[in-house]
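Take a look at the structure below.
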Amino acid sequence: MSEVFIFATLNGLVTGLLLFMLASGLTLIFSMMGVLNFAHASFYMLGAYFAYTISGVIGFWGGLLFAPLIVGAIGAIVERYGLRRVHASGHVAELVFTFGLAFLIEELVQFFWGRDTKNYQSPEIFDFALFSLFGQEFSAYRGFMIFIAIAIFAGLYVVLTRSRVGIIIQAAISHPNTVANLGHNVPFIFMCVFGTGTALAGIAGVIAGPVLTTFPGMATVLGSIVFIIVVIGGLGSLPGALIASLLVGLLQSYAIASDVGMPELLTLLGISFDRNHPLNDLWTLNLPQIAPVLPYLLLVLVLIFKPTGLMGNREE
Amino acid sequence: MKTLIAAGVTALALLSPSTQAQEPVRLGFMDPLSGTFASVGTSGYTLLQFAVDYFYNSKGGILGGRMIEIVPLDNKQSPTETQLQFRRAVSEELRFIIQGNSSAVANTLNQTITRHNRRNEGQEILQINYAAVDPILTNEECSFWHFRFDAHAIMKLEILTDFIAMNEELESVYIIGQDYSFGQVVADNTIRLLGEKRPDIEIVGNEFHPIGQVKDFTPYVTKIASSGAGAVITGNFGADMVSLARSIIDSGLDIPIYTFYAAYDGITATLGADGKDRIRLIHTDRANPVLSEARSEFNRAYKAAHPNFDVTQSRLVNALMMLVQAMEQAQSDDPYEVALQLEDMRFTNLGGEELWMRGEDHQLIQPLFISKHTDEGIEFDADNSGFGLFTEYAVSGADTALETSCRMRRPRR
Numbered sequence: 026m027s028e029v030f031i032f033a034t035l036n037g038l039v040t041g042l043l044l045f046m047l048a049s050g051l052t053l054i055f056s057m058m059g060v061l062n063f064a065h066a067s068f069y070m071l072g073a074y075f076a077y078t079i080s081g082v083i084g085f086w087g088g089l090l091f092a093p094l095i096v097g098a099i100g101a102i103v104e105r106y107g108l109r110r111v112h113a114s115g116h117v118a119e120l121v122f123t124f125g126l127a128f129l130i131e132e133l134v135q136f137f138w139g140r141d142t143k144n145y146q147s148p149e150i151f152d153f154a155l156f157s158l159f160g161q162e163f164s165a166y167r168g169f170m171i172f173i174a175i176a177i178f179a180g181l182y183v184v185l186t187r188s189r190v191g192i193i194i195q196a197a198i199s200h201p202n203t204v205a206n207l208g209h210n211v212p213f214i215f216m217c218v219f220g221t222g223t224a225l226a227g228i229a230g231v232i233a234g235p236v237l238t239t240f241p242g243m244a245t246v247l248g249s250i251v252f253i254i255v256v257i258g259g260l261g262s263l264p265g266a267l268i269a270s271l272l273v274g275l276l277q278s279y280a281i282a283s284d285v286g287m288p289e290l291l292t293l294l295g296i297s298f299d300r301n302h303p304l305n306d307l308w309t310l311n312l313p314q315i316a317p318v319l320p321y322l323l324l325v326l327v328l329i330f331k332p333t334g335l336m337g338n339r340e341e
Numbered sequence: 058m059k060t061l062i063a064a065g066v067t068a069l070a071l072l073s074p075s076t077q078a079q080e081p082v083r084l085g086f087m088d089p090l091s092g093t094f095a096s097v098g099t100s101g102y103t104l105l106q107f108a109v110d111y112f113y114n115s116k117g118g119i120l121g122g123r124m125i126e127i128v129p130l131d132n133k134q135s136p137t138e139t140q141l142q143f144r145r146a147v148s149e150e151l152r153f154i155i156q157g158n159s160s161a162v163a164n165t166l167n168q169t170i171t172r173h174n175r176r177n178e179g180q181e182i183l184q185i186n187y188a189a190v191d192p193i194l195t196n197e198e199c200s201f202w203h204f205r206f207d208a209h210a211i212m213k214l215e216i217l218t219d220f221i222a223m224n225e226e227l228e229s230v231y232i233i234g235q236d237y238s239f240g241q242v243v244a245d246n247t248i249r250l251l252g253e254k255r256p257d258i259e260i261v262g263n264e265f266h267p268i269g270q271v272k273d274f275t276p277y278v279t280k281i282a283s284s285g286a287g288a289v290i291t292g293n294f295g296a297d298m299v300s301l302a303r304s305i306i307d308s309g310l311d312i313p314i315y316t317f318y319a320a321y322d323g324i325t326a327t328l329g330a331d332g333k334d335r336i337r338l339i340h341t342d343r344a345n346p347v348l349s350e351a352r353s354e355f356n357r358a359y360k361a362a363h364p365n366f367d368v369t370q371s372r373l374v375n376a377l378m379m380l381v382q383a384m385e386q387a388q389s390d391d392p393y394e395v396a397l398q399l400e401d402m403r404f405t406n407l408g409g410e411e412l413w414m415r416g417e418d419h420q421l422i423q424p425l426f427i428s429k430h431t432d433e434g435i436e437f438d439a440d441n442s443g444f445g446l447f448t449e450y451a452v453s454g455a456d457t458a459l460e461t462s463c464r465m466r467r468p469r470r
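Read top to bottom, the protein sequences are chains A and B.
So the first sequence is numbered by my numbering: it starts at 26 and just counts up by one.
So the second sequence is numbered by my numbering: it starts at 58 and just counts up by one.
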């Protein structure tokens, strides 16, 4: 049992940190512009596809370097020539804009790369087991994923809280007019933040592509869960996003690993139901089956008991 | 002079019906052409379009010179969208709908078409199901207006469990599948059939996961590994199939994986060398070695026209050819007449295999094959990867036939 627990923890950690790479960019953009970027997961998909193409020419490391840069540049262009114009019409327009963008990117990806699954593989130097426990291997590539995610969190945290750039960004979030009066180019800062946020999503795509498979539906699969994380963590809070990501990752992983469900609960309570009971499906439900729904349940609970999110301090 | 021109015009007008192109025979193709499952739908659409041109349109059409036109109906593999597309098909006066992906969609379509046909006599629609394998479509829910060209899930599972039972060393299996009708059918019947054939094999896991929602299969693989299973059986398709297989391979778990849909559309290339000799699938097509020259020629012609596609679903070609033969025999494209001709039709397909459309339940009886993912002995590979399917085990059509509980309501005319 302990082996299942250890591996479930590791799996949860990997998933959680991957989600964090996406959520960090999203929450950064939200805290800055006050708008949820529905196309965020699409930039993640773009990252994976660019990396797939680039890695075919100059190898995985080239992909890891250039794909996020390209995605970040696309993000910056989208902000500069799309979002900024739409911004004048208010938040709803921005929301609808990013919503449309998500569809557009998905269609474009299918147009250029086709609809089939892409054979995007992790580099050969990671083709070994980092360690082996109870006959199960933990691949080196997953270790690498954990490393990158932690590096990103540390880097972002230091930049945002300890550097001059971070101070200006934080000031631009809360007092844009004052910052502009001090001679800083606030729209330029916004563009950079948006670019950085999308580049982070790009990195997540580059790294996740080989493990979670690169296919046109990859954005849809992750899209909604990332929003949940940002809301659970508290909109605009980086540490909140990290905690929520790990929480969601571990919650799902433990739920899948567990073998309990309604039958066990009912036996415990001493109740039994006929197999032909109209609600038979409900009485035979088990935890692994509902694992993917748990984050949504968590979202509902958080919204009821702490509407600002775990670490959020936004009071409207 | 004027009268001469007038005469000429009249003559032209009289001639025109025979010189002008005739009304095409229009076939609806309803499958996901966008969204998460688009790759399967697109590969089917491309193949069907090619087969239509290759066999008929380039040779003067059917029914005395009528071309076949394929009308794509993108249902995004959702039952709701299917209803909308069905209404579109009705308003465009399509009389044949070719559909394959997802049993949920096929069941919806089956009910919708049966109801439509009962209420709209003379405007009936025929459902040509080339891939949805929920057994009820040719059992409890069978319909005169539905023909299935794939073998249903229990037929396939009978053969697959026969094959698994031959592995003397196997002690335990783990079943994992998508949480919907087909996944449930696979799980229930695998347990039942293995219990009959090899009671000593232990079922160490029976897991369902939501369809198209799982980001990472590693947590599931952890469970599989710790259960000590000797093999995995799954009915997963699309991204769920690739992710599952990749996670099993990446975790260093060296056990065979028995599947239904682990090939083509990028799946074979993604599995590559890591999946060699480990992944087997049950299917209706002898992919390698191809035994007939006609089939080889078709494969090569398709590859020449579409270098990035493969002949992924030859049963789509079977369905098309049998449908056309039924139209020719009936000398009509009226669904009722065509359906009567399709019933109990015996047909030799491109690969030289004998097919029989059983009249009782409209289930095609055809040979079934178990093939493995390998790069040895592969003439026609998948995804241009050098890897493909090599057939290890073949069962003749007669041995795959199962009894049906179908009690068909036949329309009277």
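All residues carry an ideal CB built from backbone N, CA and C; glycine is no exception.
Residue burial classification, residue 210 of chain A (beta-carbon count within 10 angstroms, cutoff 16): On the first sequence, residue 210 of chain A is found 185 positions in, with the first residue counted as 1. It counts as exposed.
Residue from B:459, B:287, B:209 and B:219 whose Cα sits closest to the Cα of residue 230 of chain B: Working through the second sequence from its first residue, we reach residue 230 of chain B at position 173. The shortest C-alpha separation from residue 230 of chain B is found at B:287.
Straight-line Cα distance separating residue 461 of chain B from residue 421 of chain B: In the second sequence, residue 421 of chain B corresponds to position 364, counting from 1. In the second sequence, residue 461 of chain B corresponds to position 404, counting from 1. Taken atom to atom, the span from the alpha-carbon of residue 421 of chain B to that of residue 461 of chain B is near 12 Å.
Endpoints, beta strand (DSSP E) assigned at residue 338 of chain B: Here residue 338 of chain B refers to the residue found at position 281 when the second sequence is read from its first residue. Where residue 338 of chain B is concerned, the enclosing beta strand (DSSP E) stretches over 336-340.
Supposed close pair residue 445 of chain B, residue 344 of chain B - CB separation, criterion 8 Å: Your numbering for residue 445 of chain B matches position 388 in the second sequence. Your numbering for residue 344 of chain B matches position 287 in the second sequence. Contact holds; Cβ gap of about 6 Å.
Continuous alpha helix (DSSP H) assignments of at least 4 residues falling wholly in the stretch 57-131 of chain A: For the stretch 57-131 of chain A, whole alpha helix (DSSP H) runs of length 4 or above, ordered along the chain, are 65-83, 85-103 and 109-112.
Span separating the alpha-carbon of residue 373 of chain B from that of residue 146 of chain A: Counted from its first residue, the second sequence places residue 373 of chain B at position 316. Counted from its first residue, the first sequence places residue 146 of chain A at position 121. In a straight line, the C-alpha of residue 373 of chain B is about 32 Å away from that of residue 146 of chain A.
Distance CB(residue 196 of chain B)-CB(residue 418 of chain B) smaller than 8 Å: On the second sequence, residue 196 of chain B is found 139 positions in, with the first residue counted as 1. On the second sequence, residue 418 of chain B is found 361 positions in, with the first residue counted as 1. A contact, by the Cβ cut-off of 8 Å.
Contact residues within the stretch 270-286 of chain B, judged by C-beta distance below 8 Å to chain A: 270, 271, 272, 273, 275, 276, 277, 279, 280, 282 and 283
Residue(s) in a DSSP beta bridge with residue 531 of chain B: Because residue 531 of chain B is not part of the residues shown, which for chain B are 58 to 470, the question remains open.
Under 9 Å from the C-beta of residue 161 of chain B: neighbouring residues of chain A: Taking the second sequence and counting its residues from 1, one reaches residue 161 of chain B at position 104. Annotation: residue 161 of chain B has no Cβ neighbours in chain A at a cutoff of 9 Å; minimum Cβ distance is about 16 Å.
The stretch 111-124 of chain A / the stretch 35-47 of chain A touching (three or more Cβ pairs under 8 Å): Inter-segment contact for the stretch 111-124 of chain A and the stretch 35-47 of chain A is absent: fewer than three beta-carbon pairs are separated by less than 8 Å.
Residues of the stretch 130-150 of chain A with Cβ closer than 9 Å to any Cβ of chain B, in chain order: 131, 132, 135, 139, 140, 141, 142, 143, 144, 145, 146 and 147
Residue 168 of chain B burial status per 10 Å Cβ neighbour count (16 or more: buried): The sequence position of residue 168 of chain B within the second sequence is 111, counting from 1. By the 10 Å Cβ count, residue 168 of chain B comes out exposed.
Within the stretch 271-307 of chain A, ranges of the alpha helix (DSSP H) (whole runs, at least 4 residues): 287-294
When B:364, B:302, B:358 and B:126 are compared against residue 338 of chain B, the one with the closest alpha-carbon: To locate residue 338 of chain B, count along the second sequence from 1; it is residue 281. Comparing Cα positions, the closest option is B:302.
Selected residue, minimal CA-CA separation from residue 63 of chain A, among A:236, A:248 and A:169: Taking the first residue of the first sequence as position 1, residue 63 of chain A is located at position 38. The shortest Cα separation from residue 63 of chain A among A:236, A:248 and A:169 belongs to A:248.
Own chain residues within Cβ distance below 6 Å of residue 316 of chain A, not counting five before or after: Residue mapping note: residue 316 of chain A aligns to position 291 of the first sequence, counting from 1. Excluding its 5 nearest sequence neighbours in each direction, residue 316 of chain A has C-beta neighbours in its own chain below 6 Å: 277, 280 and 281, listed in chain order.
Residues within the stretch 152-168 of chain A neighbouring chain B, beta-carbon criterion of under 9 Å: Going along the stretch 152-168 of chain A in chain order, one finds 154, 157, 159, 160, 161, 162, 163, 164, 166 and 167 with a Cβ nearer than 9 Å to chain B.
Beta-ladder partner(s) of residue 161 of chain A, from DSSP: Counted from its first residue, the first sequence places residue 161 of chain A at position 136. Answer by DSSP bridge pairing, in chain order: A:158.
Among B:457, B:455, B:436 and B:409, nearest to residue 447 of chain B - alpha-carbon criterion: In the second sequence, the residue the question calls residue 447 of chain B occupies position 390. Of B:457, B:455, B:436 and B:409, the residue nearest in Cα terms is B:436.
Contact under 8 Å by Cβ, residue 320 of chain A with residue 273 of chain A: The residue you call residue 320 of chain A lines up with position 295 of the first sequence. The residue you call residue 273 of chain A lines up with position 248 of the first sequence. Cβ atoms of residue 320 of chain A and residue 273 of chain A: closer than 8 Å.
Chain B residues whose Cβ lies nearer than 7 Å to that of residue 317 of chain A: Along the first sequence, one-based indexing puts residue 317 of chain A at 292. The answer, in chain order, is 267, 270 and 271.
Three CB pairs or more closer than 8 Å across the stretch 158-174 of chain A and the stretch 121-135 of chain B: no
Range covered by the alpha helix (DSSP H) that runs through residue 249 of chain B: Numbered from its first residue, the second sequence carries residue 249 of chain B at position 192. Residue 249 of chain B -> alpha helix (DSSP H) spans 238-254.
Where residue 103 of chain B meets chain A, residues with beta-carbon distance less than 8 Å: Residue 103 of chain B sits at position 46 when you count from the first residue of the second sequence. Those do not exist, as residue 103 of chain B stays about 10 Å from chain A at its closest Cβ, beyond 8 Å.
Exposure of residue 197 of chain A, with buried meaning 16 or more beta-carbon neighbours within 10 Å: To locate residue 197 of chain A, count along the first sequence from 1; it is residue 172. Per the 10 Å Cβ criterion, buried.
Delimiting residues of the alpha helix (DSSP H) encompassing residue 343 of chain B: Residue 343 of chain B sits at position 286 when you count from the first residue of the second sequence. No alpha helix (DSSP H) contains residue 343 of chain B, which DSSP labels as neither H nor E.
Simplified DSSP state of residue 261 of chain B, which is helix, strand or coil: As a first step, residue 261 of chain B must be located in the second sequence, where it is residue number 204. It is a strand residue.
Straight-line gap, residue 97 of chain A to residue 167 of chain A (C-alpha atoms, nearest Å): Working through the first sequence from its first residue, we reach residue 97 of chain A at position 72. Working through the first sequence from its first residue, we reach residue 167 of chain A at position 142. So the alpha carbons of these two residues sit roughly 24 Å apart.
Cα-Cα separation, residue 151 of chain A to residue 275 of chain B: Here residue 151 of chain A refers to the residue found at position 126 when the first sequence is read from its first residue. Here residue 275 of chain B refers to the residue found at position 218 when the second sequence is read from its first residue. Each residue's alpha carbon lies about 17 Å from the other.
Three-state secondary structure (DSSP) of residue 74 of chain B: Position 17 of the second sequence, counted from the start, is the residue given in the question as residue 74 of chain B. Bear in mind that a pLDDT of 45 at residue 74 of chain B, under 50, signals an unreliable position, so the number given afterwards is only what the model happens to contain. Residue state, collapsed to three classes: helix.
Contiguous beta strand (DSSP E) assignments of at least 3 residues, all confined to the stretch 344-425 of chain B: 403-405, 411-415 and 420-422
Close beta carbons around residue 439 of chain B, own chain, < 6 Å, minus the five adjacent residues each side: Translated into the one-based positions of the second sequence, residue 439 of chain B becomes position 382. Within the same chain, residue 439 of chain B has close Cβ partners 320, 321, 325, 367 and 445.
Whole-angstrom distance between residue 139 of chain A and residue 205 of chain B, CA atom to CA atom: In the second sequence, residue 205 of chain B corresponds to position 148, counting from 1. In the first sequence, residue 139 of chain A corresponds to position 114, counting from 1. Taking the straight line joining both Cα atoms gives about 29 Å.
Contacting positions in the stretch 325-343 of chain B - beta carbon closer than 8 Å to chain A: Those residues of the stretch 325-343 of chain B that come within reach of chain A (Cβ to Cβ, closer than 8 Å) are 326, 327 and 329.
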